[in-house]
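Contents: one structure, followed by commentary.
Residue numbers (my numbering), protein chains in the order written: chain A, 1178 to 1611; chain B, 1178 to 1611; chain C, 1178 to 1611; chain D, 1178 to 1611.
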């Protein structure tokens, strides 16, 4: 069976690369992946998957970090022109992107795979490999600089292979294409919509340039719990020479908040972090600044520690604003939890790879980043299921860091990973008990 | 008459110097001037003045910056031993010092003079003139370093001269010996007790080493309105290595308050000042500081501006404390207002001096300090009366700044000023209408 | 003669309004007034004035707050297309705008008038009077929101009237059209170029909506000395979750600088101000901010006090940056001085108006803003000459504040002021001695 | 042999308790343990140990946190009166306290034990057990509130037992009585004096109220590396109302330093801490504070991290001072390192106890405090030797925290620990190789 899977994956290698390049050329930011989601939905539909989109897979009030409504509508209308006949696109109106494709067979066991689909607000640099091959981003300030384009292609590859071995699979399959992973904004709303309620096993993947194509690492995890939030301090302007006392200085409030948020006591129970990544205040040199916007994030070794940081930051922001007669508006823009791959499942997958698949198993240091698949992993594990994240090598042969305009990958990783996931699903379906 | 006054003043010159030296040797801080007040009361009593002391001249709840009760009682008990027979001392128990001596004759016009009587918490330096003459402070940490000892002697000199010319005086006389001027704490409680309700003219004096003995300046004023207040920020301690997150850091709150209080916007309507003169926080190097004490003062070109600073500071303190889960206790320790000598009265006095008295009229720059006679001046002026403060030269012939352990005066200023005030009162009594 | 001037001014009333509206429609920011300056130069040229432009009237290295070279060149090239034949425009290339027009007659006395010509970076609001009449700004983010369009028209009106009475004028005339007044950037470079070296009298005007058209106020002044400067704090980025210790946090440095700059001690010698009007820092929520830009201004009752603030701010910025291992780059963007209208000249002008001109003399409170004509006034006064600024009423009949998108004026003020200046020049030329 | 040791320890039980109570009654702070050291030296001398004291065991320039010379001399002179005949005391003059007692027998192996001897600046509370028994501290502000009095008695008990089994011991013995452990000030100077150069095994103990008498825990460690330092910021005073601009405000500098030191970035390589435990600034409410004193400590999971914190703090202090034209003086007051008990030695000791000694082995969580025996442990381990710290239960049966005035111990722990150490030394001497 694993040989059959491998052969199938090689057959679709070029097609998957084409898909990845098309997605790369048309990047869409979180909650606006209208084109991307429509293409995925149509693709899965054609293969016979049961498609769910829109509010049924994204809980409206649990979406985090959603952009301005008008901006979302503009993008929706633009994409609508190209997909007039789509049965799915209209359900995404208002920013309800993402797709869930189910292959339900009445089995006891459901195995889900999750692929994230959004791009980053990064300008692609001119000297990238994509320029040469003609698939550079056509959107000036957007780029798939984190490999989610490859994740989509991998997911669609899986959808084909799975269908080809469907009769031999003793489980239901659920393919989750998640919007708005960047800024850890999307997973929460999907969990809240209940799409993981019936899942026993969850598999996630992420390309990594720390490994070469052909190398994999099982059992990623240890992500920081994190909260992304924006604060807007609102004061009153005044002429700085004429009547400074009439102003309510939002910048002094913000400066006070910045210093004091970084002074939140270190916690004895584990690692904590805080960062005010951006601050923008004021309108003119000779006007008391009446508005200051801060983009902030907290992190913690676990969610209790992240909450500790968040609560302390909130108290500081509120009091810094009041100190100057200002008000402050705090808005959660993203949230993720810490999580770990299930130990038994990790060992099982390593054994499967070792015995059956032509990939090299590696061990890397755990990243100290955050990934909102953690929210899904925790949901599945809390329900008694198991979850795993696998890092798949994509090093293009030169230095190429994610989240930069120069990011590139070795496209060989795509079909290989489609095959890997299919093989793992096949074996996991055979495990005696959850 | 002026010649008669001058002769009398020279006759009592030595006696007044002795009084000043005795007071200098036994300095008493604000609200504990038990010995000083008793001596004054007995002196005036003997001359036939009607004496009022205690709660009748000091409104209990309007006293500012009163020390610890126990401390006051200790000092009271100590002084009590030396004045067992005094009819007045017992009324001062609890910190109700100060004396008012009235010479009421049923006249329409009442002229008051005010003399402040408290010493400073300053250690007298060994090389002072007082060491040589044997009248150095016997109290280690207290010293008459602002000349109030001379003011008392001047006031008692006035009481004698006035009595000697009483039949020629067409007015009632009120001699006010005010406690707790340092830190602008005492005047307010006397005003509130109503002792200025019947006053038409108020005269105040202050020695100044910017002028030589024999030089005077009429019409001082333009004092800053000011508020003296203490803030105590109360948090919670914790071991700084073991569990820093359990602490509520009063020092971080205090540091935030200090920086932000100095950042209060400059006011377009006039001069403002703020100073955190002292800060003391913490108990040990390895403990999160659970207590921070701040001694603060605000000033303003007028009381509206002082209030502006005070309110802004209060808001900053409260929010700085809350920011760290601390509380703050703010206590007003002193308060004074801005005030100006009445213009007509100043010109009248200058004319009297110019024509009748052997003193040189000078003009200096206005000080930017604060003096709580301002509270009394404003009360009298608000009631339609007039007020004046006169600076009297006391330069001892070498550099000698007030509020330092080296402060010294030329004692010639004492009897001269007693004479000056008596002459002025005599002439002011003759002014046609208030 | 005053009647003749008045009649002439009314004759050109409509023409001047047209000029003002054309300028209003095509606003240009400081150092890029290419179209504006060319129009002025051609206008004066035609009337027979001797024209000087470019580096001869603007000292290259003394220009403050000059924009990016590329941006200036773009605007220059655009304007060049419309004025191919101009003898003057090419000399302005690189941002050397402004015009000086001389009517030299070998007289001993030279009377100069100054008009500022630049627009503001403000978006004109749609409901303005200019929309209705069809002369709204065609440049999205630029607007004559401070009346300099009217000043230009007034100046050109003066140039005509002066020429018509030239034979009766016993003086040389110099018309100065100054670039880059906003942000007090242009006057200094003109003074340094020497254009005021031969000036005995300098007259300036400014429209004010505090007065109605027909009302004037002589002798404005008391402007704050001010320095406008930008600071860029440069640190190093780092991932805020992964390796925060590798960053050099420019935002923490900036927050420290902001708080401490506002804490610079109030100065006993007079009014001081400081404002950080804008702060922009950071690149992304999860990156230690490596760059912070601050737009700052200091002010003082005189230039010594402004220097005090500037030096203190500079020290704070440098040490705040070093504290975090960052560097700081400080750039002066504008500078002006305090100045006062010459008292005798003010009284003389008031007398001329009172006796000869149908305008109402008013007295307002002195503004606490800054105006860089101060640099020119001080230059003339230091050389023994006299200077005056006159406020001319322009209230449009509804609330309309300068430096807002709603700013509007009563255009009646234009020809009236052209007449007023011409009359004053005529009389000043007759004063016996400078 | 272990039975013999146990019996001997019980024989001296009461004597050791008497010693402990005598030391408790006469506590001495670090670097002034003149009486304590003299008693120890005489005691060991009498038992035949070779005594070294003074500069030979304490490297003069490596002493940290030494008090004022005059204060030390006063205490020395006072103690001198009671020990006129001592051969050792005079060598301690100037603050060179501590004692090393050697039993050298020409063996290859040297086993050292370390006991710390200083008291804390804490006032003993009246309701303590010591009051009842009549051995409360006779020094108002000093108390053995950390059990070092017991440590001394334990050490002297060891010295007796060891001597009684000396012929059976196949090793040299070194007893180290270390001064100034509180504030981690003394160990460094002893290491630098070379007293550990010949040591193969080092044993340390500390009483702990987390365990009952009879319970022990082997292998303490994981102490934080730490630096204790004081900073004095020196500015210039000025009258806060009159001429605030003439001051250099040390309190504003200190507040800036406090906030920014707490903002030092969290380090990705491990735990870090900082605390400003005490701040005291200013002289009077109306004077710009010219002096601010800060007591600070940094900690790190290892000494690299502690250095990171220290260097960042230093940079912040220097720049905060310069920002206000102040200077800063930074003085290291104590320093310790992280360290861990040797694993093999710990297991060996546990086995010895388990098999031979009537004490209960416990496991507690590692403390996050600091202990300067770490400096000695690291020295021995770096030289190829082994080291261990053992916690010995001393819970008195009620809540009684160290470093408080209520601290008390169960004195049963004393002779038991003397026996324990003797037994361990006996067995360690028999280990095949170091």
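We treat Cβ as the ideally placed atom computed from N, Cα and C, and that holds for glycine.
- Of the candidates 1240(A), 1237(A), 1293(A), 1211(A), the residue whose Cα lies closest to the Cα of residue 1257(A) is 1211(A).
- Take residue 1551(B), set aside five residues on each side of it, and the residues of its chain with a beta-carbon closer than 6 Å to its own are 1400, 1513, 1514, 1516, in chain order.
- Under the 8 Å Cβ criterion, the stretch 1380-1397 of chain D counts as touching the stretch 1315-1335 of chain D, having at least three qualifying pairs.
- A distance below 8 Å separates the beta carbons of residue 1569(A) and residue 1590(A).
- Contact between residue 1480(A) and residue 1357(A) is absent: CB atoms are separated by about 20 Å, not below the 8 Å threshold.
- According to DSSP, residue 1452(B) shares a beta bridge with 1474(B).
- Against chain B, the beta carbon of residue 1480(A) has no neighbour under 9 Å; the closest one sits roughly 16 Å away.
- Take the alpha-carbon of residue 1373(C) and the one of residue 1556(C): they are about 7 Å apart.
- DSSP, read as helix, strand or coil, puts residue 1291(C) in strand.
- Within 10 angstroms of the beta-carbon of residue 1460(D) lie fewer than 16 other beta-carbons, which makes it exposed.
- Residues of the same chain with a CB within less than 6 Å of the CB of residue 1198(B), apart from the 5 flanking positions on each side, are 1312 in chain order.
- Taken in chain order, the whole alpha helix (DSSP H) runs of length 4 or more contained in the stretch 1396-1467 of chain C are 1427-1439.
- The continuous beta strand (DSSP E) containing residue 1504(B) extends over residues 1504-1513.
- Per DSSP, reduced to three states, the secondary structure at residue 1594(B) is helical.
- For residue 1201(B), the uninterrupted alpha helix (DSSP H) run begins and ends at 1190-1202, by DSSP.
- Going by DSSP, residue 1388(D) is part of the beta strand (DSSP E) stretching over 1378-1389.
- Following the DSSP letters along the chain, one finds residue 1247(D) inside the alpha helix (DSSP H) bounded by residues 1246-1259.
- Looking at the backbone, the Cα of residue 1241(A) and that of residue 1251(C) are separated by about 42 Å.
- Taking a 10 Å sphere around the C-beta of residue 1354(B), we find 16 or more other C-beta atoms and assign the residue as buried.
- With at least 16 other beta carbons inside 10 angstroms of its own, residue 1424(B) counts as buried.
- Looking at the backbone, the Cα of residue 1574(A) and that of residue 1314(A) are separated by about 21 Å.
- Under the DSSP definition of a beta bridge, residue 1229(B) partners with 1277(B).
- Against chain C, a Cβ distance below 7 Å from residue 1449(B) picks out 1443.
- Ranked by how close their Cα comes to the Cα of residue 1369(C), the residues 1324(C), 1536(C), 1237(C), 1579(C) have 1237(C) in first place.
- A straight-line Cα-Cα distance of about 19 Å links residue 1323(D) and residue 1391(D).
- Interface annotation, residue 1599(A): not in contact with chain D, CB-CB separation never under 8 Å.
- In the three-state reduction of the DSSP assignment, residue 1520(C) falls in the helix class, which pools H, G and I.
- Interface annotation for the stretch 1395-1421 of chain B against chain A: 1419, 1420, 1421, criterion Cβ-Cβ distance under 8 Å.
- Proximity of residue 1440(B) to chain A, defined by a Cβ-Cβ separation below 8 Å, is satisfied.
- Proximity of the stretch 1404-1424 of chain C to the stretch 1407-1426 of chain B falls short of the contact definition, fewer than three beta-carbon pairs being nearer than 8 Å.
- Distance from the CA atom of residue 1529(D) to the CA atom of residue 1416(B), rounded to whole angstroms, is 35 Å.
- For residue 1572(A), the enclosing beta strand (DSSP E) begins and ends at 1563-1572.
- Of all alpha-carbon atoms in 1455(B), 1485(B), 1464(B), the one lying nearest the alpha-carbon of residue 1467(D) is that of 1455(B).
- Annotation: residue 1312(A) is outside any beta strand (DSSP E) and is labelled neither H nor E by DSSP.
- Residues of chain A with a Cβ closer than 7 Å to the Cβ of residue 1464(C) are, in chain order, 1454.
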